[in-house]
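**Q** Taking my numbering, the leading residue of the sequence shown gets 258, the next gets one more, and so forth. Every residue, glycine too, gets a C-beta built ideally from N, C-alpha and C.
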Amino acid sequence: MCSYEHYIMSITPKAIQDLLDELEASKQSRLRAWSVLQRLRMVLSEMGNVAIPPAAQKTFDAEGEALEHALRKSFRLRNDAIKSQALWKALDRAEDLIQN
Numbered sequence: 258m259c260s261y262e263h264y265i266m267s268i269t270p271k272a273i274q275d276l277l278d279e280l281e282a283s284k285q286s287r288l289r290a291w292s293v294l295q296r297l298r299m300v301l302s303e304m305g306n307v308a309i310p311p312a313a314q315k316t317f318d319a320e321g322e323a324l325e326h327a328l329r330k331s332f333r334l335r336n337d338a339i340k341s342q343a344l345w346k347a348l349d350r351a352e353d354l355i356q357n
């Protein structure tokens, strides 16, 4: 018996089933991870008040980059709003000082 035949005969139905089970578990894990990314996309879009265009490719890397960009934009908008409020408060105080 040549080594190729020996190799083929050594693959058992259980080994094949184990590989199929592992493949299915991996697929389910990827689906769950993608679902989490989509929920994060929804929350960030709603709470961060930023539009998130669809990723150029449907990959984890591309989706992660799109969400990272949106998160940075959301924080930038938030920080700008806080600075703007502080500026308006300072201007109001200055106006009060000038008038009094």
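Measuring alpha carbon to alpha carbon, tell me which residue in R287, A308, D318 is nearest K330.
**A** The sequence position of residue 330 within the sequence shown is 73, counting from 1. Considering only alpha carbons, the answer is A308.
**Q** Taking S292 as the reference, which of A343, E320, I355 has the closest Cα?
**A** For the purposes of this step, residue 292 is taken as residue 35 along the sequence shown, with counting starting at 1. It is E320.
**Q** Could you round the C-beta distance between G305 and A327 to whole angstroms and report it? I think they count as a contact, below 8 Å.
**A** The count along the sequence shown starts at 1 and reaches residue 305 at position 48. The count along the sequence shown starts at 1 and reaches residue 327 at position 70. That belief holds up - the Cβ atoms of G305 and A327 are roughly 7 Å apart, short of 8 Å.
**Q** Tell me which residues share the same chain as S302 and place their Cβ nearer than 6 Å to its Cβ, disregarding the 5 neighbours each side in the sequence.
**A** What you label residue 302 is simply residue 45 of the sequence shown in a count that begins at 1. Closer than 6 Å at Cβ, skipping near neighbours: I309.
**Q** Rounding to the nearest angstrom, what Cα-Cα distance links L334 and Q295 in this structure?
**A** Taking the first residue of the sequence shown as 1, we reach residue 334 at position 77. Taking the first residue of the sequence shown as 1, we reach residue 295 at position 38. Cα to Cα, L334 sits roughly 22 Å from Q295.
**Q** Does DSSP classify I339 as helix, strand or coil?
**A** Looking up residue 339 in the sequence shown gives position 82. Residue state, collapsed to three classes: helix.
**Q** Could you check where the alpha helix (DSSP H) with I273 kicks off and where it finishes?
**A** Taking the sequence shown and counting its residues from 1, one reaches residue 273 at position 16. Counting along the chain, the alpha helix (DSSP H) containing I273 begins and ends at 270 to 304.
**Q** For K315, which of helix, strand or coil comes out of DSSP?
**A** Here residue 315 refers to the residue found at position 58 of the sequence shown. If DSSP states are grouped into helix, strand and coil, K315 belongs with coil.
**Q** Could you give the distance in angstroms between the alpha-carbon of Q356 and the alpha-carbon of A343?
**A** Stepping through the sequence shown from its first residue, residue 356 is reached at position 99. Stepping through the sequence shown from its first residue, residue 343 is reached at position 86. Cα to Cα, the separation comes out at about 20 Å.
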